Amino acid sequence: MKKFLHILTWLCWILSGAGLFVLLGFARDTYLSSPLKTIQLKVEHNDVCTFLPEDSVRFQIDQLYGRAIGQPMRRINIEKLTQTLSVNPWVKSVKASTAIDGILKVEVSERRPVIRVFSSDGHSVYLDEEGFAFITQAHNTARVQMASGNIAFPPLPFNRSTHISNKIYRKTPLADLLKIGKQIESDPFADALIDQIYVSSLGEYELSPKVGHVNIIIGDTTDIAEKIEKLSAFYKEKAGSQEFQQYQTINLKFKHQIVCIKKLAI
Numbered sequence: 054m055k056k057f058l059h060i061l062t063w064l065c066w067i068l069s070g071a072g073l074f075v076l077l078g079f080a081r082d083t084y085l086s087s088p089l090k091t092i093q094l095k096v097e098h099n100d101v102c103t104f105l106p107e108d109s110v111r112f113q114i115d116q117l118y119g120r121a122i123g124q125p126m127r128r129i130n131i132e133k134l135t136q137t138l139s140v141n142p143w144v145k146s147v148k149a150s151t152a153i154d155g156i157l158k159v160e161v162s163e164r165r166p167v168i169r170v171f172s173s174d175g176h177s178v179y180l181d182e183e184g185f186a187f188i189t190q191a192h193n194t195a196r197v198q199m200a201s202g203n204i205a206f207p208p209l210p211f212n213r214s215t216h217i218s219n220k221i222y223r224k225t226p227l228a229d230l231l232k233i234g235k236q237i238e239s240d241p242f243a244d245a246l247i248d249q250i251y252v253s254s255l256g257e258y259e260l261s262p263k264v265g266h267v268n269i270i271i272g273d274t275t276d277i278a279e280k281i282e283k284l285s286a287f288y289k290e291k292a293g294s295q296e297f298q299q300y301q302t303i304n305l306k307f308k309h310q311i312v313c314i315k316k317l318a319i
């Protein structure tokens, strides 16, 4: 009798499990057959320039599915959607998921440009905080530091974002320019002061202020934080003085000192 009860108990458990499995399968099939009801889209814009209007992201989603709303949930391939949106050069990251109530949730973050670099050939790219180079927009210009001069680098392959550690950019000044741009941006005074970074024919980095006609030489990126800090302190102390008006060049190349060259007397 005990053996019979034991077998009966096991049969009940097996049947319950099988029934639950069938119910779960039915529920999943019902969910996958149900239509997508809405898309909850959130675009996290940077604080510099809006590259990704929300309607352009929605359009890209609709292009992938014909028209997303009304499509059965089984057609909503999260991996494919994420990959498709991530190809956009202005997209930093994508998070997507579906909910059982027929909702597609998509979160997109924009890249944040730190500096715009112009090549000697005339093309330009933005560099973001993480070191990714990405294309500019003709109708939308970010107010960031600019770099020009003797700069050579190839255009972005297929207009996609590419990290500056990529072998095609390793021998270019892009990494140094990003380092300088980030350091200037981190100093509010220097960020307001500097108009442009210039690469000389000697490969040295120079800065052009927004006000005045002084040439600021920083050389290479060695001790760049100290150089920018010294520059800000020097301007705060000397700018506006009669002595400062006589300077033609401010040289920050030398450690622990600033060398100034006066304009030639006419």
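Under my numbering, the residue at position 9 of the sequence shown is numbered 62, and the numbers go up by one with no gaps. Ideal placement from N, C-alpha and C gives every residue a C-beta, glycine not left out. Nothing here was measured: the structure is a model prediction, and the numbers come from that model.
Is residue j closer than 8 Å to residue i when the C-beta atoms are compared?
i, j, result
"G234", "I131", "no"
"V178", "V170", "yes"
"R196", "V110", "no"
"S172", "I204", "yes"
"W143", "F104", "yes"
"L260", "L227", "no"
"Q310", "A278", "no"
"R164", "S214", "yes"
"G202", "S253", "yes"
Does residue i come out as helix, strand or coil in the three-state DSSP assignment?
i, result
"A80", "Any reading at A80 must be qualified, since the residue scores a pLDDT of 44, below 50, and its modelled position is unreliable; the value itself is stated next. Reduced to three states, the DSSP call for A80 is helix."
"N141", "coil"
"N193", "strand"
"I131", "helix"
"I153", "coil"
"T103", "coil"
"S87", "coil"
"Y179", "strand"
"R165", "coil"
"I314", "strand"
"K232", "helix"
Leaving out five residues on either side along the sequence, give the residues of the same chain with a beta carbon under 6 Å from the beta carbon of residue i.
i, result
"S257", "Checking the displayed sequence, the identity of residue 257 turns out to be Glu instead of Ser. Excluding positions up to five away in sequence, the list reads G272."
"E97", "S162"
"K308", "none"
"V312", "N304"
"K95", "E160"
"V75", "The predicted model places V75 with a pLDDT of 39, which falls under 50 and marks its position as unreliable, so this point remains unresolved."
"E282", "none"
Could you round the C-beta distance between residue i and residue j to whole angstroms and report it? I think they count as a contact, below 8 Å.
i, j, result
"A200", "L230", "5 Å"
"I250", "P262", "With 8 Å as the limit, I250 and P262 do not qualify as a contact, their Cβ atoms being about 11 Å apart."
"K316", "Q301", "4 Å"
"K232", "T274", "5 Å"
Enumerate in chain order the residues of its own chain whose CB-to-CB distance from residue i is below 7 Å, with the five nearest sequence positions on each side excluded.
i, result
"H216", "G184, F185"
Skipping 5 residues on each side, what residues in its chain have a beta carbon closer than 8 Å to that of residue i?
i, result
"A123", "It should be pointed out that residue 123 corresponds to Gly in this sequence rather than to Ala. Taken in chain order, the residues that qualify are P88, L89."
"N212", "P142, I188"
> Which runs of the beta strand (DSSP E), 3 residues or longer, sit entirely within the segment 248-312?
Replying inline: 258-262, 268-272, 300-304
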